[in-house]
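Enquirer: Before I ask anything, let me first share the structure, which is written out below as structure tokens.
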Amino acid sequence: MTRVRFAPSPTGYLHVGGARTALFNWLFARHNKGTFVLRIEDTDQERSTEASIEHIIEAMQWLGINWDEYYRQTERSKRHQQAALELMDRKLAYEHDGAWWFRVPEQGELTFHDALLGDITFRHEQLKDFVIRRSDGSFVYNFVVVVDDADMRITHVIRGDDHTTNTPRQILLYQALEKPLPQFAHLPMILGPDRTRLSKRHGVTSVLEYRRRGFLPEAMVNFLARLGWSHGDQEVFTGDQLIELFTLQGVGSSAAVFDEVKLHWINQQHMKAADLDRIVELVKPFALKDDLITEAMWDQAGKDRLLTGAKLLRDRSKTFADLASSMRVLFPVPLEKEENVVLSQQKKEVLQAVIGALSTIEEFTPENVQEAVRTALKERGVGLRDVAHDYRMAITGTGVGPGLFDMMSVIGRDCVKSRLKEIL
RNA sequence: GUCCCCAUCAUCUAGCGGCCUAGGAUACCGGGUUUUCAUCCCGGCGGCAGGGGUUCAAAUCCCCUUGGGGACACCA
22 MTRVRFAPSP TGYLHVGGAR TALFNWLFAR HNKGTFVLRI EDTDQERSTE ASIEHIIEAM
82 QWLGINWDEY YRQTERSKRH QQAALELMDR KLAYEHDGAW WFRVPEQGEL TFHDALLGDI
142 TFRHEQLKDF VIRRSDGSFV YNFVVVVDDA DMRITHVIRG DDHTTNTPRQ ILLYQALEKP
202 LPQFAHLPMI LGPDRTRLSK RHGVTSVLEY RRRGFLPEAM VNFLARLGWS HGDQEVFTGD
262 QLIELFTLQG VGSSAAVFDE VKLHWINQQH MKAADLDRIV ELVKPFALKD DLITEAMWDQ
322 AGKDRLLTGA KLLRDRSKTF ADLASSMRVL FPVPLEKEEN VVLSQQKKEV LQAVIGALST
382 IEEFTPENVQ EAVRTALKER GVGLRDVAHD YRMAITGTGV GPGLFDMMSV IGRDCVKSRL
442 KEIL
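For the record, in the first sequence the residue sitting at position 231 is 252 according to my numbering, with numbers rising by one throughout.
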């Protein structure tokens, strides 16, 4: 039975590196029909906070990384004490300056097999004796991790590369405790654009910050998975596909740079594929964020119009923030226009006729609008090309966007007419 | 400094001795489609860090150099 764990220390938010570690463990567990354990390593009382725990949990839930078992390391201190005592009794550890030290043999070397890195050898003399219990009675990470992983019968320890050098000490502890060794797999790090370890100074590193900025969780998962893992030439994956396809063999061994540009592209791919109802639901808070559009206006717009609007606009949106701002034209709010439209007298007369034609349409569908407008223009010898940009600017405030008639239809007759009148 | 790991286009990567005059994706640059933009389609740009071996054959195996990352706490 496969058992893996994600063991974050709650000293801050869940960052993208931790999220990827969690994801790989979770994918591995789900792929192998195993168990995924979430263990909060909150033994550092100074730095651990409840808020961090809540944040980590919220981030994991957002990503859809669910767990089968949940532990808090502080709740296990009795077991840690028991295990430490055992080592003391068996003279494998000794006391010095009030702390308990694990004895590392002076001679010899230790080789372990890493599923990703291959065989790695350390000489004992490089390890030196190390503290397992501090003089204040608390336990050190390298010790509790081993006791917990052994107790929880973790079969595969999949974690960041930065733990590679901890591994030999931990193996020594497994042996001292007479526990079976798990398989180790150390994932390459995620780097910032300057090729140093990803950190705050690289900008956004909090997973939930990406939710706030309008990314889809499945896009985040897809992107994180592709950072270090691959499956041939495929770039876009659903969650289920990732579970089906994920193996450690597909994981690379060199560090990867976090590329936000590609994240945007992947998010766009997932936005195009997502269920429209869900898109509308998720974009709502972004639309309401700046107070320009009220909840009442949103509800008044009606489901169909929101659905149609989202459908028209999502192809050119990288995030929900983008989509929300382009959906603003659907509401009866003043538009910020990219440029001022000034019509000639002749064009004004044409526009009068067009507005008149719009009034006669029975059902304000794109097809009907198109026919009415084209007819009105044709009768006056004006090409659509001659006026499309002006009308678009008046109606949407921007020179770019979906088809003019689609937009007119979804924005609605009254709003379109009043916006067109503004440029008369 | 010591130890550990890594090394294919700007970036993510395919490649696990011959299918490689190195494939895909993002980005970028052209073209097509469109009333515009985006999407979409087509095309282009661009890389095996360097040097030695091994082999009939090396991006792939070995060694060295260089470069990068990480670890060296009574933090996790």
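We put the beta carbon where it would ideally sit given N, CA and C, even for glycine.
#1: Distance, Cα to Cα, Leu327 vs Pro29?
#2: Classify Gln289: buried if its beta carbon has 16 or more other beta carbons within 10 angstroms, exposed otherwise.
#3: How close, in whole Å, do the beta carbons of Phe164 and Leu194 come, if the pair is a contact with beta carbons under 8 Å?
#4: For Thr244, report the span of its alpha helix (DSSP H) as first-last.
#5: List the residues that DSSP assigns as beta-bridge partners of Arg144.
#6: Let me know the secondary structure DSSP gives Ala120 once reduced to three states.
#7: Work out the CA separation of Ala105 and Lys99 for me, nearest whole Å.
#8: Can you check which of these residues, Arg24, Met81, Asp435, is closest to Val350 by C-alpha distance?
#9: So what does Val58 bridge to, in DSSP terms?
#10: Give the DSSP-derived three-state secondary structure of Gly218 in the structure shown.
#11: Using a 10 Å radius around the Cβ and a threshold of 16 neighbouring Cβ atoms, would you call Thr142 buried or exposed?
#12: Going straight from the alpha carbon of Leu269 to that of Thr42, what length do you get?
#13: Rounded to whole angstroms, what is the Cα-Cα separation between Lys358 and Thr417?
#14: Quick check for students: name the residue ranges of the alpha helix (DSSP H) that lie wholly in the stretch 280-329, counting only runs of 4 or more.
#15: Nearest by alpha-carbon distance to Met173: which of Leu379, His184, Arg97 is it?
#16: Quick check on DSSP: helix, strand or coil for Gly139?
#17: Count the other CB atoms within 10 Å of the CB of Gln94; is the residue buried (16 or more) or exposed (fewer)?
#18: From Lys293 to Leu229, what does the alpha carbon distance come to, in whole angstroms?
#19: For Ile86, which of Leu59, Leu108, Tyr92, Gln102 has the nearest alpha-carbon?
#20: Roughly how many whole angstroms lie between the Cα atoms of Tyr115 and Val166?
#21: Could you check which residue in Asn361, Ile264, Val403, Leu138 has the C-alpha nearest to that of Gly55?
Expert: Based on what the coordinates show:
#1: One C-alpha to the other measures close to 40 Å.
#2: By the Cβ-count criterion, Gln289 is buried, with 16 or more other Cβ atoms from all chains shown falling within 10 Å of its own Cβ.
#3: Contact flag correct, Cβ pair sits at about 6 Å.
#4: One point to set straight first is that residue 244 is Phe, not Thr, in the sequence displayed. Its alpha helix (DSSP H) spans residues 238-247.
#5: Note: Arg144 sits in a beta bridge opposite Glu130.
#6: Collapsing the DSSP output to three states places Ala120 in a strand.
#7: Going by the C-alpha atoms only, they are around 10 Å apart.
#8: The option with the nearest alpha carbon to Val350 is Asp435.
#9: Paired residue(s): Arg26, Glu90.
#10: Note on identity: in this sequence residue 218 is Arg, with Gly being the wrong assignment. Looking at Arg218 - three-state DSSP - the assignment turns out to be strand.
#11: Exposed: under 16 other Cβ atoms inside 10 Å.
#12: Using only the alpha carbons, I get a separation of about 12 Å.
#13: Our two residues, Lys358 and Thr417, have alpha carbons roughly 8 Å apart in a direct line.
#14: Within the stretch 280-329, the complete alpha helix (DSSP H) runs of at least 4 residues are 281-294, 297-309, 316-322.
#15: Ranking the options by Cα distance to Met173, first place goes to Arg97.
#16: Three-state DSSP puts Gly139 in a strand.
#17: With a 10 Å radius around the Cβ and a threshold of 16 neighbouring Cβ atoms, Gln94 comes out buried.
#18: Those two C-alpha atoms are separated by around 22 Å.
#19: Closest by alpha carbon: Leu59.
#20: Cα to Cα, Tyr115 sits roughly 20 Å from Val166.
#21: Selected option, being the one with the closest Cα: Ile264.
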